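Going down the list, the sequences are from chains E and U.
Our numbering applies: residue 35 is where the first sequence begins, and numbers increase by one.
Our numbering applies: residue 35 is where the second sequence begins, and numbers increase by one.
Worksheet: one structure, shown below.
Number of protein chains: 2
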Amino acid sequence: MTIEILTELLHERKFAALIEALDEINAVDAAEFMATLSEEELPTVFRLLKKDTAAEIFAELPAMLQEQIVGSMSDKELSGVMEELFIDDAVDLLEEMPANVVSRILKTTSAERRKEINRFLKYPEDSVGSIMTSEWISIYSSLTVEEAVSYIRKTGIDKETVYVIYVTDARKTLVGIIELRDLLFAKSEDLISNLMQTSIISVKTTDDKETAATAISKYDLLALPVVDSENRLVGIVTVDDAVDVIQEEATEDIEMMAAITPTDKPYLQIGVFSTFLSRIPWLLILMLSATFTGTIITHYESALGQMVILTAFIPLLMNTGGNAGSQTSVTVIRGLSLGELRMGNILRILWKELRVSLLCGVVLAIVVFGKTILLDRASFSVSMVVALTVLATVIIAKLVGASLPILAKRLGFDPTVMASPFITTIVDAVALLIYFSIASAVLGI
Amino acid sequence: MTIEILTELLHERKFAALIEALDEINAVDAAEFMATLSEEELPTVFRLLKKDTAAEIFAELPAMLQEQIVGSMSDKELSGVMEELFIDDAVDLLEEMPANVVSRILKTTSAERRKEINRFLKYPEDSVGSIMTSEWISIYSSLTVEEAVSYIRKTGIDKETVYVIYVTDARKTLVGIIELRDLLFAKSEDLISNLMQTSIISVKTTDDKETAATAISKYDLLALPVVDSENRLVGIVTVDDAVDVIQEEATEDIEMMAAITPTDKPYLQIGVFSTFLSRIPWLLILMLSATFTGTIITHYESALGQMVILTAFIPLLMNTGGNAGSQTSVTVIRGLSLGELRMGNILRILWKELRVSLLCGVVLAIVVFGKTILLDRASFSVSMVVALTVLATVIIAKLVGASLPILAKRLGFDPTVMASPFITTIVDAVALLIYFSIASAVLGI
């Protein structure tokens, strides 16, 4: 069912067919269609939708359109949508809306739901609490399979997942987990206490949301329980939310590696000024750090005045050093972030990088020597200087690229800031220092 | 249950307790423990495990240990493990093993399973076929809910998921999908044909595996059906495999952005020479491209000889241009890869980048002018030349950074190669050309 067909149904005013189609297709696609509607059409079509379909599609709309729809709804309609939304979607909505809309939404929400929403709004932005949901099924371990299934059928319909069921005691402590598939294949008189898994993987509300996503990915879970400090069950994180976190975190890492302050919105939805603000601090810092490199050149000004040909190789040396360093730093950063590398691996990493950098450095030095002497027609001694500088720079660049991210992590910083631009600035200075030292020694300038 | 406790049980030779513990904990953790065992202990402990637990743990072990275990097993034991493995894990195993082990494994496998494995081995490495599994449940639409549930209980126990059930006709054509949760909440006499969703999201075996992962992420699916060209169901991709693909693809993108040929193994498992091979081609290409920048400097050699102070600003100009360009190129590449940006957005992107680059450029130019004239004590005209070059370079860098990835995609290349290192090389040359042109005009050299 393409957007074109839905648009045709709308323009031919075949509303019954349109609503049926929107009900049938995936809410994500339905939301994409809704986003193409005019400001007048949107609330009209939305009002015709079935209550639960309406809530599902609403949760998938961009904030701007959610605001439009909220603005067009009566308090009663609004309250209906709020009760249908999953709690995490309701919280996301409130976080996106301007203050006056928030207060109107909260006014029309039932007291019980308002209390629940307020609890969720208090969790810090990147915590597990901020992505968990409170709609799970919990049962007692004393039930039989038959009793458990009948309980799930009665209470499960509005839960975010019914496939993972949590077993708690009277104090809400999480004592076990059972999957619906285990209930399906068990005998009806079996006791939950005999079937449940008691080796439980869980996270705390205050953990970083990446911890939850990593656990779900590592252990192939459909949902992960969230407990408080006394091991009482307070929420669950489902795999679909974990997938979103994994994608966001990868984007964030990539942005930080390119010296951009991460934002959590898609590119086209961010204003020019916000984009500017996310980029300018790093450009300024990195530009001013390059001053140091300039100082080195100024220091050797008279030498360069004598042999201007040395200047021609500065870009090549800086680029090669920067690229060699960022290859290593990016590899180490990604390894740290996927949990494949730890601080304890530092010696192994440095030893490996030393050997890799020797191989890379020797090959590059030979090629650059040939190029310099044959193509650039430089003298033997100048070609030697360039080749030796390439070799030394590549080795140092790779060792710096390997150590700095690990050092940053050790000091409690995000290792991602130690990616290409930062490494490049350091390696540039080092490359030039080596260059001029070798040049002074070999050429006697 | 930590690895230490398990090790203690092993050393105290409390095998019953150890086996029970390994059975209880997650297979990923159990595999981590098994990886700490000696070459003698590993097959001993493995042999004691229950058949299904053994298969689960085996699937999580690194290839080297799988090979060790296979080597220690009798043909009968091997055949037992192979029948217990999910088909996608069995295929992964064969792809990792050396030829002599593969032929031994295939010899001990039942004819039916061998046929199935061979079919899977034929799919290209990055295709949906290579990650799908053939263990799904399919039913006819004429069944009632009660009949369907009883069928699932009979046949579902060794299926990779029982939560999504596929409805096919006699020709195996996929006609509908129903979730186990819908069966749970339906009346036992309801017909599947009335309950199933008929609006189906599916992929083809030959699609890129990223397509499957993106669909699962976008539509929050637990499993995605894979069909052949005649819409017959041939496999499913489950959400846990999609999560792995998403993480691998992000790593691959990050590696390519840092000028590394992607590998699919963790850093510490790759040999020094393989790491060298994945890095050296790009270092060579980028080093040789920097020749062009050198040529520009050589061309202006006499001008630089007259005013050596101009040389001191070359690193600053090159770095700032490179950073500004890679901020934009990386943002656009990530947007393209997440599907947030399309070719059709190019004018919108360029218009936005033009405005952002003007803001960034003006701020950087003012700061660099102040720094040059006050700290570096350069003349007014030299400071003007540097500031104007920064402004022009930032604007051009951002426009180049935005266009090249889109152009690459348009021409059918992976836009990721147009990331930082490549953009930097181009922008370096542009920055120097601008610099010397402005310097010639303003300073008359």
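All C-beta atoms, glycine included, are put in the ideal place defined by N, C-alpha and C.
Predicted, not measured: the structure shown is a model, and the values here were computed from it.
task = Quick one: give me the first and last residue of the beta strand (DSSP E) that Tyr185 of chain E is part of.
result = Premise fails: Tyr185 of chain E lies in the alpha helix (DSSP H), Val179 to Thr189, not in any beta strand (DSSP E).
ask   = Taking Cβ-Cβ distances shorter than 9 Å, what residues in chain U pair up with Asp462 of chain E?
value = Pro349, Met352 and Asn353
ask   = Rounded to a whole number of angstroms, what is the C-alpha to C-alpha distance between Ser172 of chain E and Thr189 of chain E?
value = 10 Å
key: Segments of 4+ residues assigned as alpha helix (DSSP H) that fall wholly inside the segment 298-352 of chain E   = 306-333, 335-340 and 343-346
ask   = Who are the neighbours of Asp254 of chain E on chain U, taking C-beta pairs under 7 Å?
value = Asp274
inquiry  = Please tell me whether Tyr200 of chain U has its Cβ less than 9 Å away from any Cβ of chain E.
reply    = no
inquiry  = For Asp41 of chain U, would you say it is in contact with chain E, using Cβ-to-Cβ distances shorter than 9 Å as the test?
reply    = A small fix is needed here, since residue 41 of chain U is Thr in this sequence, not Asp. Chain E, which has no Cβ nearer than 9 Å to the Cβ of Thr41 of chain U, makes this no.
message = Leu218 of chain E and Arg187 of chain U - do their beta-carbons sit closer together than 9 Å?
response = yes
message = Suppose the cutoff is 8 Å on Cβ atoms and the five residues either side in sequence are ignored; what does the same chain contact list for Ala426 of chain E look like?
response = Gly395, Ile468 and Ile472
task = Closer than 6 Å by C-beta to Glu244 of chain E: which residues in its own chain qualify, once you throw out the five before and the five after it? Chain order, please.
result = Glu283
query = Of all the CB atoms in chain E, is at least one closer than 9 Å to the CB of Met321 of chain U?
reply = yes
key: Rounded straight-line distance, which links the Cα of Gly339 of chain E to that of Thr459 of chain U   = 26 Å
task = Below 8 Å CB to CB, which residues in the same chain sit around Leu83 of chain U once its five sequence neighbours on both sides are set aside?
result = Ile53, Leu56, Asp57 and Ile91
ask   = With 9 Å set as the bound, which would you pick, yes or no: does the beta-carbon of Tyr469 of chain U sit closer than that to a beta-carbon of chain E?
value = no
task = Starting from the C-beta of Leu76 of chain U, find all residues in its chain whose C-beta is less than 7 Å away, skip the five residues before and the five after it, and write them out in chain order.
result = Met68, Leu99, Gln102 and Ile103
ask   = With a cut-off of 9 Å, does the C-beta of Thr36 of chain U fall near any C-beta of chain E?
value = no
ask   = Within this structure, are the beta carbons of Leu302 of chain U and Lys386 of chain E separated by less than 9 Å?
value = yes
ask   = Among U:Leu43, U:Arg266 and U:Gly105, which residue has its Cα nearest to the Cα of Val136 of chain U?
value = U:Gly105
query = Would you call Ser144 of chain E buried or exposed, if buried means 16 or more other Cβ atoms sit within 10 Å of its Cβ?
reply = exposed
message = Against chain E, which members of the segment 374-386 of chain U pass a CB distance test of less than 8 Å?
response = Glu374, Leu375, Asn379, Arg382, Ile383 and Lys386
request  = Leaving aside the five residues before and after Gly175 of chain E along the sequence, list all residues of the same chain whose C-beta is less than 8 Å from its C-beta, in chain order.
outcome  = Strictly speaking, residue 175 of chain E in this sequence is Ser, with Gly absent from that position. Answer for Ser175 of chain E: Val201, Asp203, Val209, Gly210, Leu225, Ile226, Ser227 and Met230, listed in chain order.
request  = List the DSSP bridge partners of Val271 of chain U.
outcome  = U:Leu258
ask   = Taking any Cβ of chain U, which residues in the segment 222-237 of chain E have a Cβ under 9 Å from it, in chain order?
value = Gln231, Thr232, Ser233 and Ile235
query = Is the Cβ of Glu58 of chain U closer than 9 Å to any Cβ of chain E?
reply = yes
key: Proximal residues to Ala463 of chain E (C-beta, below 7 Å), its chain only, five neighbours per side dropped   = Phe326, Thr327 and Ile330
message = Out of E:Ile430, E:Leu433, E:Gly435 and E:Ile400, which one is the CA nearest neighbour of Ala421 of chain E?
response = E:Ile400
query = Interface residues of chain E around Arg368 of chain U at Cβ under 7 Å?
reply = Thr285 and Ile288
message = To the nearest angstrom, how far is the alpha carbon of Asp287 of chain U from that of Met290 of chain E?
response = 14 Å
Opening and closing residue of the beta strand (DSSP E) in which Glu130 of chain E lies = Counting along the chain, Glu130 of chain E falls outside any beta strand (DSSP E), though it belongs to the alpha helix (DSSP H) covering Ile121 to Glu130.
ask   = Opposite Ser161 of chain E in the DSSP bridges: which residues?
value = E:Asp242
Whole-number beta carbon distance between Ala249 of chain U and Ile270 of chain U, since they are thought to touch under 8 Å = Actually they do not touch by this definition, with Cβ atoms about 12 Å apart.
query = Straight-line CA distance for Thr239 of chain U to Leu398 of chain E?
reply = 42 Å
query = Does the count of Cβ pairs from the segment 425-441 of chain E and the segment 354-373 of chain E closer than 8 Å reach three?
reply = yes
task = Go ahead and pull the three-state DSSP assignment for Thr70 of chain E.
result = coil
query = Of all Cβ atoms in chain U, is any one closer than 9 Å to the Cβ of Trp316 of chain E?
reply = yes
inquiry  = Less than 9 Å between CB atoms is the rule here; does Ala346 of chain U satisfy it with respect to chain E?
reply    = yes
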